[in-house]
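What follows is one structure encoded as structure tokens, with my remarks underneath.
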Amino acid sequence: MGNRDELERTRLAWAKLSDEFLEPGRRCWASPEIAWGIWNIPERELATLGDLSQWKDKEVIELGCGTGYFSAWMAKLGAKPTGIDLTPAQLDKARAFQVEFDLAFPLIEGDACSVPLPDQSFDLAISEYGASIWCDPYRWIPEAARLLRTGGQLVFLRNSPLSIICSEDNGPAQDKLVRDWFGMNRIEWSADEAVEYHLPHGPMIQLLRDSGFRIDGLKELQAPEGATTRHDYMTADWASRWPCEEIWITTKE
Ligand SMILES: C[S@@+](CC[C@H](N)C(=O)[O-])C[C@H]1O[C@@H](n2cnc3c(N)ncnc32)[C@H](O)[C@@H]1O
6 MGNRDELERT RLAWAKLSDE FLEPGRRCWA SPEIAWGIWN IPERELATLG DLSQWKDKEV
66 IELGCGTGYF SAWMAKLGAK PTGIDLTPAQ LDKARAFQVE FDLAFPLIEG DACSVPLPDQ
126 SFDLAISEYG ASIWCDPYRW IPEAARLLRT GGQLVFLRNS PLSIICSEDN GPAQDKLVRD
186 WFGMNRIEWS ADEAVEYHLP HGPMIQLLRD SGFRIDGLKE LQAPEGATTR HDYMTADWAS
246 RWPCEEIWIT TKE
């Protein structure tokens, strides 16, 4: 499958999924507090972004921004976010939320692997289940490096590769390994879903270093007691025992 076909497949898949993300998106827009991933773990517990006051007036690019709530959180901190997303239906929701919550920032329709903005124009690149799983890391991570200034940070959340090797094509993660670790990256769960990318830790560390990033941290997220999720690929029980999500914290050297 060529890159343009794959982009079209992703766009179509997200056009169908988009309405499911309307109310969750609204809740996040309405929330004053940054929270990560499917368990909504507050940033104040994770401290992935350091002292939040440092982001005032800083330029932030969100790669695969969806309904735009992460950028909105950054704007509330005084940062200057820009969101890029491939799917018009997602950007329409982000624009509607900008009006509803009276908080505007630039939104670009495009591919996070090829962002139409100059080199070294951002202080933070962020992705929460955006480019971090829907784009080939061998393309989007060098693109994030290009966009960042020296000393800028790339922070992204994705499914843990452990959860992926415990997941068959359908159903929730299991307590056994069902997929190969070696060679894993591009995954097609089914013909009508978008392609995902899940690179294991060794090659991810190599890629980040080759792209000029220093790795400052890798936070493995645990489901809190009593957690529930609307997602069918994961259970709170599994995620209370093993990390189903992880956040990489890196700096462009
Ligand atoms: C799950 S949303 C991420 C936004 C939000 N953090 C969330 O969790 O709802 C995934 C987004 O990635 C976008 N996306 C997928 N491939 C992309 C690409 N190549 N470039 C930009 N955005 C992309 C989709 O259109 C979708 O809006």
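In terms of our numbering, the sequence shown opens at residue 6 and continues consecutively.
Ideal Cβ positions, reconstructed from N, Cα and C, are used throughout, including at glycine.
What you are looking at is a predicted structure, and each value in this text was computed from that prediction instead of being measured.
Between I113 and T72, which are expected to be in contact by the criterion C-beta below 8 Å, what is the C-beta distance as a whole number of angstroms?
-> 15 Å between Cβ atoms; not a contact.
Is the CB-CB distance between W253 and F127 below 7 Å?
-> Cβ distance not < 7 Å, so W253 and F127 don't count as in contact.
Just to confirm, are T255 and L213 a CB contact at a threshold of 7 Å?
-> yes
Return helix, strand or coil for V183, following the three-state DSSP convention.
-> In this structure, V183 counts as coil in the three-state DSSP scheme.
Do three or more CB pairs link the stretch 163–177 to the stretch 195–203 at distances below 8 Å?
-> yes
Less than 6 Å between the CB of L223 and some heavy atom of ligand 1, yes or no?
-> no
Drop a sphere of 10 angstroms on the beta-carbon of H203, count the other beta-carbons inside from all chains shown, and report buried for 16 or more, exposed for fewer.
-> buried
If you follow the beta strand (DSSP E) that K21 is part of, which residue opens it and which one closes it?
-> Premise fails: K21 lies in the alpha helix (DSSP H), 8–22, not in any beta strand (DSSP E).
Put S3 into one of helix, strand or coil per three-state DSSP.
-> With the chain covering only 6 through 258, there is no way to say anything about residue 3.
By a C-beta neighbour count over all protein chains shown, 10 Å radius and 16 as the cutoff for buried, is L153 buried or exposed?
-> buried
How should A35 be labelled, buried or exposed, when 16 other C-beta atoms within 10 angstroms of its C-beta is the threshold for buried?
-> exposed
Sort out for me which residues DSSP pairs F218 with in a bridge.
-> K257
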